[in-house]
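Here the structure is laid out as structure tokens; the discussion comes afterwards.
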Amino acid sequence: MAYERILITGGAGFIGSHLCLRLFDEGHHVLCLDNLFTGRLTHFGDRYRELLLSGRFEFLRRDVTESILLEVDRIYHLACPASPVHYRHNAVKTIKTNVLGTYHMLGLAKRVDARILLASTSEVYGDPEVHPQPESYFGHVNPIGPRSCYDEGKRVAETLMMDYHRQHRLDIRIARIFNTYGPHMTIDDGRVVSNFVCQALRDEPITLYGDGTQTRSFCYVSDLIEGLVQLMNSDCTEPVNLGNDSEITMAALVALIQKTTGKELTIVHAPLPEDDPVRRRPDLTRARQVLGYKPSVSLEEGLRATIAYFRRELGVA
Ligand code: NAD
Ligand code: UDP
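Under my numbering, think of the first position of the sequence shown as 19, with each following residue one higher.
Next up, the structure:
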């Protein structure tokens, strides 16, 4: 394998930190760019010193809403807060991150002739009327709601990617990532797996929004990382869904967390947030055909590893 200089924007985040370590361990030179809004260098733990001393890892505290000049072969563009709590905290900044950030990364890719992969999202399908969601589905998205800064921001980011591809022959990849979970998620980031697991471990009531019949399909982070690397190494310039296609209701997720933590859980119901999608499951046909992608970690197995991580983070037995 040829070793490359690889830029990972959002590299100190949940998914980005796993990707940095994976590509570093393959022998590449990794440039981790992050403004540390939701990312933490502590995700690298004991390995941070090793990374820095290796001479093959650089951390750049930068913001993708500003342009940057670097020499790189590949770009994984992940920078953007992903939890609804975080991306709604400063909605205008979220749009700027998605639109200006992607524009700047495309400009960089064009200048240095780098291949660029965008971390897009299942949110481009909005509250879907087609189930499961194939890449050909154009989506059902509210352009003016509280989730729009993220959903529409990512849709414009995809448009920019395709236009640079058509107009400037840029070598692009688009990953539509479905709900992913695992170690390095932030405590209290508002996402359902981190919320439920932390609440369970702290013996707090579980905050179930709505009646709990809404569904998601959860992918363990190692399966997602495999998919991202496979996609980057493929020749597919069309969007590709990445995730796990086993679907579960939020009420069933509570029951599974109860079983896995061994805790007796109580539930407090709260209203369903505006525009909360009712059902979500990826159609993984393209990922299977083009990449040979197949997630292998079951939800129960992934939850066990995630619970062990949060036990350490929270310092609870
Ligand atoms: P995260 O919030 O943990 O990571 C995002 C990282 O981007 C953080 O380190 C943050 O500090 C950084 N960042 C945010 N704005 C920035 C800016 N303007 N300039 C530089 N850095 C900035 O989220 P994550 O779950 O790791 O998500 C990573 C990517 O994957 C995001 O683009 C997200 O939209 C996408 N995605 C994630 C999921 C999921 O379930 N985790 C699902 C769909 C898509
Ligand atoms: N959710 C919940 N309780 C929480 C956090 C989230 O019931 O404490 C629900 C939320 O309403 C949604 C699902 O869990 O239906 C997934 O939410 P998350 O924010 O993790 O992801 P997204 O909605 O972006 O898929």
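Even glycine gets a Cβ: it sits at the ideal position worked out from N, Cα and C.
Residue(s) in a DSSP beta bridge with residue i
i      : result
Asp52  : Arg79
Cys237 : Thr198
Gln151 : Pro300
Tyr21  : DSSP lists no partner for Tyr21.
Tyr227 : Ala288
Thr27  : Leu51, His95
His158 : Gly144
Glu265 : Ser235
Ile190 : Ile134
Residue span of the alpha helix (DSSP H) that contains residue i, given as start and end
i      : result
Arg173 : 166-186
Tyr143 : Unbroken run through Tyr143: none, as it is neither H nor E.
Ala269 : 268-279
Ile113 : 109-130
Leu260 : Unbroken run through Leu260 is the beta strand (DSSP E), 257-260; no alpha helix (DSSP H).
Ala100 : Per DSSP, Ala100 belongs to no alpha helix (DSSP H) and is neither H nor E.
Leu59  : Here Leu59 belongs to no alpha helix (DSSP H), and DSSP marks it neither H nor E.
Thr324 : 317-332
Cys38  : 32-43
Cβ-Cβ separation, residue j to residue i (assumed contact under 8 angstroms), whole Å
i      : j      : result
Thr27  : His95  : 5 angstroms
Leu78  : Cys50  : 7 angstroms
Tyr227 : Asp294 : 7 angstroms
Ala323 : Pro201 : 6 angstroms
Met180 : Thr120 : Not quite, the Cβ-Cβ distance comes to about 11 angstroms (not below 8 angstroms), so this is no contact.
Phe214 : Val296 : That pair is no contact at about 19 angstroms.
Tyr155 : Pro161 : About 17 angstroms; that fails the 8 angstroms criterion.
Ile285 : Leu317 : That belief does not hold up - the Cβ atoms of Ile285 and Leu317 are roughly 19 angstroms apart, past 8 angstroms.
Leu41  : Ile93  : At roughly 12 angstroms, the Cβ-Cβ gap does not stay under 8 angstroms, so Leu41 and Ile93 are not in contact.
Gly171 : Thr112 : 6 angstroms
Asp91  : Ala132 : 6 angstroms
Gly245 : Leu290 : Wrong, their Cβ atoms sit about 29 angstroms apart, outside the cutoff.
Extent of the continuous beta strand (DSSP E) to which residue i belongs
i      : result
Tyr66  : Here Tyr66 belongs to no beta strand (DSSP E); instead the alpha helix (DSSP H) covers 65-72.
Asn213 : Not the beta strand (DSSP E): Asn213 falls in the alpha helix (DSSP H), residues 210-219.
Ile93  : 92-95
ask   = Are three or more beta carbon pairs between the segment 246-262 and the segment 207-216 nearer than 8 angstroms?
value = no
query = Contact between the segment 135-151 and the segment 256-275: three or more CB pairs below 8 angstroms?
reply = yes
ask   = How do the segment 130-147 and the segment 44-59 stand: do at least 3 beta-carbon pairs fall below 8 angstroms, yes or no?
value = no
ask   = Touching or not, the segment 127-134 and the segment 235-246, by the rule of three or more beta carbon pairs under 8 angstroms?
value = no
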